[in-house]
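In what follows, a structure is listed as C-alpha cells, so that the remarks can point back to it.
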Amino acid sequence: MSEEKQVDSGRRGLLVATCAAGGVAGLATTGALVSTFQPSERAKAAGAPVEVDVTGLAPGEMKTVEWRGKPIWILKRSPEMVESLKKSHDQLADPDSQRNKDELTPEYARKEYRSIKPELLVVVGICSHLGCSPSTKFQPGPQSSLPDDWPGGFLCPCHGSTFDLAGRVYKNKPAPDNLQVPRHMFVGDNKLIIGKDEKGEA
Numbered sequence: 002m003s004e005e006k007q008v009d010s011g012r013r014g015l016l017v018a019t020c021a022a023g024g025v026a027g028l029a030t031t032g033a034l035v036s037t038f039q040p041s042e043r044a045k046a047a048g049a050p051v052e053v054d055v056t057g058l059a060p061g062e063m064k065t066v067e068w069r070g071k072p073i074w075i076l077k078r079s080p081e082m083v084e085s086l087k088k089s090h091d092q093l094a095d096p097d098s099q100r101n102k103d104e105l106t107p108e109y110a111r112k113e114y115r116s117i118k119p120e121l122l123v124v125v126g127i128c129s130h131l132g133c134s135p136s137t138k139f140q141p142g143p144q145s146s147l148p149d150d151w152p153g154g155f156l157c158p159c160h161g162s163t164f165d166l167a168g169r170v171y172k173n174k175p176a177p178d179n180l181q182v183p184r185h186m187f188v189g190d191n192k193l194i195i196g197k198d199e200k201g202e203a
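Take the position in the sequence shown, starting the count at 1, then add 1; the result is the number in the working numbering.
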C-alpha cells in the first residue's frame, strides 16, 4: 500500500510540473498575442490625432495645441483678416500653395485662405527655413522689422521671414515654403481633429 502511495504521489508531482510548464507557456503566448495589439513604438512616436474644441474662440484669437511634438496654430480670422488675404497675393512667393503641395498643403486647403472654413486657419507653427517658431503680428500697419503697409500675419524672429494670415510666405525671404497645413477635419461645427481627414490618418 505504501508503494501505491509513492507511485501516486510521483505521478501527481509530474502532473503538477507539466501543468505549471504548460501554464507558463500559455501565459507567454497570450502576452505575445496581446503585445501585437499594442501600438508600436514608431506609432506612439508619430502621435495620434488630436481633437480640439474651438467653441468660444473669438475673431482675431489664436489657440495653440501640440500634435506630434509640433505647435499647431488655430486662428479664428475676422472678416477683415480674410479680406486682407486678397491684397497680398502678388507679393507672395507661392500664393496658390503649389510648392511641395502634397507634403505641405492638403487638396482641400489649396485655396486663398488655405483652410476648410475661410475663418479658421490651421497651420504648423514652424518656419520652413530653419525650424524657428514665428511670432504673431496680427496688427496691420507699420511696426519694427515690418513694412509700412503690413496687412497682418506672422514674422519669424530668427531670419526675418514673413507670412500672411494664411501662412503663405512673402517673396525674397529665407523661408522657401509656406507654413504647413496639417491634415485635419471638422466633426461638428466646433470640434476639429488634427492629424486625420476623410482619407485617414496623416
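No residue lacks a Cβ here, since even glycine has one placed at the ideal position from N, Cα and C.
Closest to Q99 by C-alpha separation, out of N179, E202, V125 and G196, would be which residue? As a working note, residue 99 is residue 98 in the sequence shown. Per the Cα distances, N179.
With respect to the beta strand (DSSP E) encompassing L105, which residues constitute its N-terminal and C-terminal limits? Here residue 105 corresponds to residue number 104 of the sequence shown, with the count starting at 1. In the DSSP assignment, L105 falls outside any beta strand (DSSP E) and within the unbroken alpha helix (DSSP H) covering K102 to L105.
For N101 and R78, what's the separation of their Cα atoms in angstroms? The residue labelled residue 101 in the question sits at position 100 within the sequence shown. The residue labelled residue 78 in the question sits at position 77 within the sequence shown. A direct Cα-Cα distance of roughly 25 Å separates N101 from R78.
With the cut-off set at 8 Å, would you say K172 and L58 are in Cβ contact? For the purposes of this step, residue 172 is taken as the residue at position 171 of the sequence shown. For the purposes of this step, residue 58 is taken as the residue at position 57 of the sequence shown. Cβ atoms of K172 and L58: not closer than 8 Å.
Which class does V1 belong to by DSSP, given the choice of helix, strand or coil? In the structure as shown, the chain starts at 2 and stops at 203, and residue 1 therefore has no counterpart that could be examined.
Does E84 come out as helix, strand or coil in the three-state DSSP assignment? On the sequence shown, position 83 is the one that residue 84 refers to. E84: helix per DSSP, three-state reduction.
Would you give the residue range spanned by the beta strand (DSSP E) that D165 belongs to? Locating residue 165 in the sequence shown gives position 164, where the first residue counts as 1. No beta strand (DSSP E) holds D165; DSSP gives it neither H nor E.
Cβ shell of F187 (< 7 Å), same chain only, five flanking positions each side left out: As a working mapping, residue 187 is identified with position 186 in the sequence shown. These residues qualify, in order along the chain: I117 and L193.
Would you mind reading off the limits of the beta strand (DSSP E) that contains K64? Stepping through the sequence shown from its first residue, residue 64 is reached at position 63. Per DSSP, K64 belongs to the beta strand (DSSP E) from E62 to W68.
Is it buried or exposed for S131, if we count other Cβ within 10 angstroms and need 16 for buried? Here residue 131 is taken as the residue at index 130 of the sequence shown, counted from 1. Correcting the residue type first, residue 131 is Leu in the shown sequence and not Ser. Per the 10 Å Cβ criterion, exposed.
State the beta-bridge partners of K138 as determined by DSSP. Locating residue 138 in the sequence shown gives position 137, counting from the first residue. According to DSSP, K138 bridges with G154.
Which of the three DSSP states, helix, strand or coil, is assigned to E108? Your numbering for residue 108 matches position 107 in the sequence shown. Three-state DSSP puts E108 in a helix.
My output table needs one value for G32: the three-state DSSP class, helix, strand or coil. What you label residue 32 is simply residue 31 of the sequence shown in a count that begins at 1. Confidence at G32 is low in this model, with a pLDDT of 46, below 50, so the placement of that residue should be treated as unreliable; the coordinate-derived value is given next. Three-state result, G32: helix.
Quick check on E199: does DSSP put it in helix, strand or coil? For the purposes of this step, residue 199 is identified with residue 198 of the sequence shown, where counting begins at 1. E199: coil per DSSP, three-state reduction.
Quick check on this structure: which residue in C159, G189, V51 and T137 has the alpha carbon closest to the alpha carbon of A167? Translated into the one-based positions of the sequence shown, residue 167 becomes position 166. Looking at the Cα atoms, T137 is the closest of the given residues.
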